[in-house]
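Written out below as structure tokens is the structure these notes cover.
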Amino acid sequence: MKTFFDAKIEIIEINKYQERSGFSGKYHLVKFLLQSGGINSFEVNIWVHSNYPEAEIIKVARTFLNRRLQDFVELTTEEIYTSDEVDALWQSVKPENFCSRKESN
């Protein structure tokens with residue numbers, strides 16, 4: 000388990016060689032649980048293509064997760080949102096919305 004910015008990020012499940020809706024080929028699904036004081040805990044699903052070596056699944060999934068969290072932090076610190084809007088956005092993140100975009104991860 001890793002801790003970033005007073006948040007705990009834990010791998011709670013790995014499902015190998017899964018079908019991913021809308022994509023061809025098999026993927027590994029890595030489920031993370033994010034916990035932090037002041038916000039509700041939530042799961043984030045990261046899909047890793049099966050072409051990556053099995054020994055690298057967790058490393059690749061953490062890399063994808065890290066980038067998504069960095070994007071979220073950058074978005075919320077650009078003074079586009081008030082602190083209340085940032086909190087509302089953070090609370091509204093759901094696993095199916097957080098990673099449902101059809102992107103090449």
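Letter 73 of the sequence shown, counting from 1, is numbered 72 in numbering that gives the first Met the number 0, and no numbers are missing. Heads up, the beta-carbon is just placed ideally off N, CA and C, and yes, glycines get one too.
Continuous beta strand (DSSP E) assignments of at least 3 residues falling wholly in the segment 31-94: 41-48
Whole-number beta carbon distance between residue 59 and residue 47, since they are thought to touch under 8 Å: One-based indexing of the sequence shown puts residue 47 at position 48. One-based indexing of the sequence shown puts residue 59 at position 60. Yes, they are in contact, since the Cβ atoms of residue 47 and residue 59 sit about 5 Å apart, within 8 Å.
Cβ-Cβ distance between residue 74 and residue 31 below 7 Å: Indexing the sequence shown from 1 puts residue 74 at position 75. Indexing the sequence shown from 1 puts residue 31 at position 32. No, Cβ-Cβ distance for residue 74 and residue 31 is not below 7 Å.
Assigned secondary structure, residue 17 (DSSP; H/G/I helix, E/B strand, else coil): Locating residue 17 in the sequence shown gives position 18, where the first residue counts as 1. Of the three classes helix, strand and coil, the one that applies to residue 17 here is strand, per DSSP.
Burial state of residue 3 (16 or more Cβ within 10 Å): The count along the sequence shown starts at 1 and reaches residue 3 at position 4. Note that residue 3 has pLDDT 48, beneath the 50 cutoff, so the model's placement of it is unreliable and the number below is only indicative. Answer is exposed; the Cβ neighbour count stays below 16.
Nearest residue (CA-CA) to residue 12, options 86, 29, 45: For the purposes of this step, residue 12 is taken as the residue at position 13 of the sequence shown. The residue with the shortest Cα to Cα distance from residue 12 is 29.
Rounded straight-line distance, which links the Cα of residue 8 to that of residue 83: As a working mapping, residue 83 is identified with position 84 in the sequence shown. As a working mapping, residue 8 is identified with position 9 in the sequence shown. So the alpha carbons of these two residues sit roughly 24 Å apart.
Local Cβ density within 10 Å of residue 16, reported as buried at 16 or more and exposed below that: Sequence index remark: in the sequence shown, residue 16 carries index 17 (1-based). With fewer than 16 other Cβ atoms within 10 Å, it is exposed.
Whole-angstrom distance between residue 22 and residue 52, CA atom to CA atom: Residue 52 sits at position 53 when you count from the first residue of the sequence shown. Residue 22 sits at position 23 when you count from the first residue of the sequence shown. Cα-Cα distance, rounded: 19 Å.
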